[in-house]
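A.B. asks: What follows is a structure written as structure tokens; I'll ask about it next.
There are 2 protein chains.
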Amino acid sequence: MAATSDGARGGIDLGGTKIEALVVDAVNQVLGSARRPTPVEGGPEDVAAQLVEAITDACSSAGTEPAKLRGVGVGSPGAVNPETGIVSRAGNLPGWSGSFPLAERLADQLGTRVLIGNDVQVATEAEFHLGAGRPYQSVLGVFWGTGVGGGLILEGRPWLGRAGAGEIGHTVVKINGARCTCGRRGCLEAYAGRGAMELRARRRVAKGEHTSLFKLMEERGRSRLTSAIWAHALEHRDSMAIELIDRAVEALGAGIASAVNLLDIEAVIIGGGLGVRFGEPYVARIAEAMQPHLFHDERPPNVHVAGLGDLGGALGAALLASR
Amino acid sequence: MAATSDGARGGIDLGGTKIEALVVDAVNQVLGSARRPTPVEGGPEDVAAQLVEAITDACSSAGTEPAKLRGVGVGSPGAVNPETGIVSRAGNLPGWSGSFPLAERLADQLGTRVLIGNDVQVATEAEFHLGAGRPYQSVLGVFWGTGVGGGLILEGRPWLGRAGAGEIGHTVVKINGARCTCGRRGCLEAYAGRGAMELRARRRVAKGEHTSLFKLMEERGRSRLTSAIWAHALEHRDSMAIELIDRAVEALGAGIASAVNLLDIEAVIIGGGLGVRFGEPYVARIAEAMQPHLFHDERPPNVHVAGLGDLGGALGAALLASR
Chain P
8 MAATSDGARG
18 GIDLGGTKIE
28 ALVVDAVNQV
38 LGSARRPTPV
48 EGGPEDVAAQ
58 LVEAITDACS
68 SAGTEPAKLR
78 GVGVGSPGAV
88 NPETGIVSRA
98 GNLPGWSGSF
108 PLAERLADQL
118 GTRVLIGNDV
128 QVATEAEFHL
138 GAGRPYQSVL
148 GVFWGTGVGG
158 GLILEGRPWL
168 GRAGAGEIGH
178 TVVKINGARC
188 TCGRRGCLEA
198 YAGRGAMELR
208 ARRRVAKGEH
218 TSLFKLMEER
228 GRSRLTSAIW
238 AHALEHRDSM
248 AIELIDRAVE
258 ALGAGIASAV
268 NLLDIEAVII
278 GGGLGVRFGE
288 PYVARIAEAM
298 QPHLFHDERP
308 PNVHVAGLGD
318 LGGALGAALL
328 ASR
Chain Y
8 MAATSDGARG
18 GIDLGGTKIE
28 ALVVDAVNQV
38 LGSARRPTPV
48 EGGPEDVAAQ
58 LVEAITDACS
68 SAGTEPAKLR
78 GVGVGSPGAV
88 NPETGIVSRA
98 GNLPGWSGSF
108 PLAERLADQL
118 GTRVLIGNDV
128 QVATEAEFHL
138 GAGRPYQSVL
148 GVFWGTGVGG
158 GLILEGRPWL
168 GRAGAGEIGH
178 TVVKINGARC
188 TCGRRGCLEA
198 YAGRGAMELR
208 ARRRVAKGEH
218 TSLFKLMEER
228 GRSRLTSAIW
238 AHALEHRDSM
248 AIELIDRAVE
258 ALGAGIASAV
268 NLLDIEAVII
278 GGGLGVRFGE
288 PYVARIAEAM
298 QPHLFHDERP
308 PNVHVAGLGD
318 LGGALGAALL
328 ASR
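Protein chains in written order, with the numbering used here: chain P, 8 to 330; chain Y, 8 to 330.
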């Protein structure tokens, strides 16, 4: 009973490319962790099996086992119903266009209770409670990665709207603008999402333009342009990478400033794969790109890089199990 | 003491072109009203004098006098401090670039307490408590007139942020787009504000294009393109008016959809001079223009025309005095 009475909890960040699992103690210190690739084939059952293995590994490294945890939280993409633990339409996960009772399946296999939350929202809550958002009562989290996700804390509480709030990536920053991966036009994500930027780079290469991006990708044995590859290309002054990232920063500035004009929140926290990898200098550039669009430009919100880095998603998921 | 014990209150909507004053009873039924033009010259003292006359007239028509009112609320443009009753930087009012203790000055002259709120926010609260927003707990009010203002009710309470929330008119709908009257580029208001549309129409006429807008203005003895003039020009199929209003509807659709994607609110209420004048058919067109940009397009928010019409601002101001 020792481990249980510790109040140790598990947290899993279920991403499109990797699964990050943690075990934390009652004050959210990390006791153990594990990481696995997200399956690229199969379906929800295969993803669930990987989640079980990841949290079991994290438990091993913490010297405990899943059934002894106070609970496990999962931050998931797609449409999450926190009451039922059912996850639907997780487009970035294999064969997950329908609905799957993820909480129930994991609870059966782990022998402890399982709580599911929206991946971006739990990462925002982690930053609010444990990271860069601690000094504030109202915070917008912007997760700049494959897509651009958003999470809101208003007066100290998560704002979910009718369960679908936070889609800052689909702010229209240019009417009749670029086609977004969501199918719509002119969304912030169409300019700033890593997925959309890669598509654009591929199209430009197909037209005969030059870039080192795909050479770097092959050298690293990757099939996609990761945040590390973008960072490397920028360091080497690749002109296409510079141009696409400049456009992304401009779009982020406009989209985030629009949200600030509407909500007048105290702080913006930039996380996600690109946000965390690029860090402080790019967060400063985003703040600068917001400035010309801010209505109350004499008192811009504070803009911070995510304090928990890559671990925010899993830490936020573990917070779900503290309730 | 009879009128006082009734709980009668006054409400004044201080607009850029007109001052609307009301006296209401304890259940917000209108007992009397008066309307005056907003001074176009002078300064805050002159505006305050007109406010005193307007509410005194409204009292006369209600068979009472200002000193017998439970209180008077004022919905004001500019930066409003509700605690001190000081109004600053009201750009649409004459000589009001600095600060003026409006509540104090009015209270001295009226002999009753005076409360000041932001004009757009009090109109949103009026719609929430008494108008089209009654069925909902989270509402975005969009006031489409000379500018485009916004007000938010979240979980039944006004959301003010750091006192400056609701600037949906300065959502960036087109990066590097049209110049806004605020000096920035690509704001929703640069496409949809009556002020910006008039400027654009004047520029196009100066270049030799044709429109009946300014002929209608002269016939009616006006110096600005009022909502009635725009409505008349549309009825007569004036091609420049149709084109500019189409552009405004498109921009409103994009900007409001972006707010809905971020907040996932239950309902949007369209008010303001143009919103009320154009009414249901145009509100339906705005809802249609939002649809392609909505992330959760299977369940759009309800979109309504303001239920209180032109009186929302003054009724909302009167609500301030019920506290």
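For glycine and all other residues, C-beta sits at the position ideal for the given N, C-alpha and C. Note that the structure is predicted; figures quoted are calculated from it, not measured.
So does Cys66(Y) have its beta carbon nearer than 7 angstroms to some heavy atom of the ligand GDP?
C.D. replies: Absence of the ligand GDP from the depicted structure is noted, as is the absence of any ligand whatsoever, leaving it without description.
A.B. asks: What number of angstroms, rounded off, separates the C-alpha of Gly45(Y) from the C-alpha of Ala266(Y)?
C.D. replies: Note on identity: in this sequence residue 45(Y) is Thr, with Gly being the wrong assignment. For Thr45(Y) and Ala266(Y), the distance between alpha carbons rounds to 32 angstroms.
A.B. asks: Would you call Ile249(P) buried or exposed, if buried means 16 or more other Cβ atoms sit within 10 Å of its Cβ?
C.D. replies: Exposed, since its Cβ has fewer than 16 Cβ neighbours within 10 Å.
A.B. asks: Based on the DSSP secondary-structure assignment, which residues constitute the bridge partners of Lys25(Y)?
C.D. replies: In DSSP, Lys25(Y) forms a bridge with Pro44(Y).
A.B. asks: Tell me which residue opens and which closes the alpha helix (DSSP H) that Asn268(P) is part of.
C.D. replies: Start and end: 246-270.
A.B. asks: Note down, in chain order, every chain A residue with its Cβ under 8 angstroms from the Cβ of Lys214(Y).
C.D. replies: The chain inventory of the structure shown lacks chain A, comprising the protein chains P and Y.
A.B. asks: Could you work out which residue in Thr178(Y), Arg42(Y), Thr71(Y), Arg169(Y) is closest to Ile272(P) when comparing CA atoms only?
C.D. replies: For Ile272(P), the nearest C-alpha among the options comes from Arg169(Y).
A.B. asks: Among Ala208(Y), His243(Y), Asn268(Y), which has the Cα closest to the Cα of Val179(P)?
C.D. replies: The residue with the shortest Cα to Cα distance from Val179(P) is Asn268(Y).
A.B. asks: Between the C-alpha atoms of Thr11(P) and Pro73(P), what's the straight-line distance to the nearest angstrom?
C.D. replies: Legend: pLDDT at Thr11(P) = 43, less than 50; position of this residue unreliable, value from coordinates given subsequently. Their backbone Cα atoms lie some 10 angstroms apart in a straight line.
A.B. asks: From Val87(P) to Asn309(Y), what does the alpha carbon distance come to, in whole angstroms?
C.D. replies: Looking at the two C-alpha atoms, the distance is approximately 23 angstroms.
A.B. asks: Alpha carbon to alpha carbon, how far is Arg96(P) from Gly102(P)?
C.D. replies: Roughly 9 angstroms between the two C-alpha positions.
A.B. asks: Is the CB-CB distance between Gly39(Y) and Ala61(Y) below 8 angstroms?
C.D. replies: No, Cβ-Cβ distance for Gly39(Y) and Ala61(Y) is not below 8 angstroms.
A.B. asks: Is it buried or exposed, Gly282(P), if we count other Cβ atoms within 10 angstroms and call 16 or more buried?
C.D. replies: By the neighbour-count rule (16 or more Cβ atoms within 10 Å), Gly282(P) is buried.
A.B. asks: Excluding the 5 residues preceding and the 5 following Ile236(Y) in the sequence, name in chain order all residues of the same chain whose CB lies nearer than 8 angstroms to its CB.
C.D. replies: The answer, listed in chain order, is Leu220, Leu223, Met224, Arg227, Arg229.
A.B. asks: Output needed for Ser234(Y): all residues of its chain with C-beta closer than 6 angstroms, excluding positions within five of it in sequence on either side, in chain order.
C.D. replies: Cβ neighbours of Ser234(Y) beyond the five flanking positions: Gly280, Leu281, Arg284.
A.B. asks: Measure the alpha-carbon distance for Asn125(Y) versus Ala294(Y) and round it to whole angstroms.
C.D. replies: Taking the straight line joining both Cα atoms gives about 26 angstroms.
A.B. asks: Can you confirm whether the segment 311-324 of chain Y touches the segment 17-27 of chain Y when touching is taken to mean that 3 or more C-beta pairs between the two stretches lie within less than 8 angstroms?
C.D. replies: As far as the Cβ criterion goes, the segment 17-27 of chain Y touches the segment 311-324 of chain Y, which means the pair count is three or higher.
A.B. asks: Does the beta-carbon of His243(P) have 16 or more other beta-carbons within 10 angstroms, so that it is buried, or is it exposed?
C.D. replies: That one is exposed.
A.B. asks: Which residues in the same chain as Ile123(Y) place their Cβ atom closer than 7 angstroms to its Cβ, once the five residues preceding and following it in sequence are excluded?
C.D. replies: Answer for Ile123(Y): Val81, Ser83, Val87, Pro89, Gly92, Val94, Leu109, Ala110, listed in chain order.
A.B. asks: Within the continuous beta strand (DSSP E) that includes Gly157(Y), where are the two ends?
C.D. replies: Element bounds for Gly157(Y): 155-161.
A.B. asks: With distance defined between alpha-carbon atoms, name the residue in Thr63(P), Val34(P), Thr24(P), Gly49(P) nearest to Ala41(P).
C.D. replies: Out of Thr63(P), Val34(P), Thr24(P), Gly49(P), Thr63(P) has the C-alpha closest to the C-alpha of Ala41(P).
A.B. asks: Are any of the Cβ atoms in chain P nearer than 8 angstroms to that of Gly157(Y)?
C.D. replies: By this cut-off, Gly157(Y) is an interface position.
A.B. asks: Would you say Asn35(P) reaches chain Y, if we count a Cβ-Cβ gap shorter than 8 angstroms as a contact?
C.D. replies: No, no contact with chain Y.
A.B. asks: Taking 8 angstroms as the threshold (beta carbon to beta carbon), is Val179(P) in contact with chain Y?
C.D. replies: Yes, because at least one Cβ of chain Y sits closer than 8 angstroms to the Cβ of Val179(P).
A.B. asks: Can you look up Cys194(Y) in the DSSP assignment and give me helix, strand or coil?
C.D. replies: Looking at Cys194(Y) - three-state DSSP - the assignment turns out to be strand.
A.B. asks: According to DSSP, is Leu117(P) part of a helix, a strand, or is it coil?
C.D. replies: Three-state result, Leu117(P): helix.
A.B. asks: Should Ala255(Y) and Ala197(Y) be called a contact, given that it needs their Cβ atoms to be closer than 8 angstroms?
C.D. replies: Contact flag unset, no.
A.B. asks: Does the structure place the segment 110-120 of chain Y close enough to the segment 154-165 of chain Y that three or more beta carbon pairs sit under 8 angstroms?
C.D. replies: Short answer: they don't touch.
A.B. asks: I need the straight-line Cα distance from Gly171(Y) to Glu132(Y), nearest angstrom please.
C.D. replies: So the two alpha carbons sit approximately 16 angstroms from each other.
A.B. asks: Could you tell me the boundaries of the alpha helix (DSSP H) in which Val179(Y) lies?
C.D. replies: It is not in any alpha helix (DSSP H) - Val179(Y) carries neither H nor E in the DSSP assignment.
A.B. asks: Counting only C-beta atoms, is Met8(P) closer than 8 angstroms to chain Y at any point?
C.D. replies: In this prediction, Met8(P) has a pLDDT of 39, which is less than 50 and means its spatial position is unreliable; nothing more can be read from the coordinates.
A.B. asks: Where does the unbroken alpha helix (DSSP H) through His239(P) begin, and where does it stop?
C.D. replies: From DSSP, the alpha helix (DSSP H) with His239(P) extends over 234-242.
A.B. asks: From the beta carbon of Pro307(P), is the nearest beta carbon of chain Y less than 8 angstroms away?
C.D. replies: Not one chain Y Cβ lies under 8 angstroms of Pro307(P).
A.B. asks: Go ahead and label Gln36(Y) buried or exposed: buried means 16 or more other beta carbons lie within 10 angstroms of its beta carbon, across all protein chains shown.
C.D. replies: Classification of Gln36(Y): exposed, given that the 10 Å Cβ count is below 16.
A.B. asks: Which residues mark the beginning and the end of the beta strand (DSSP E) in which Leu147(Y) is found?
C.D. replies: Here the beta strand (DSSP E) through Leu147(Y) covers 146-151.
A.B. asks: Determine the direct distance from the alpha carbon of Val312(P) to that of Ala287(P), and round the result to whole angstroms.
C.D. replies: What sits at residue 287(P) in the sequence shown is Glu, not Ala. Those two C-alpha atoms are separated by around 6 angstroms.
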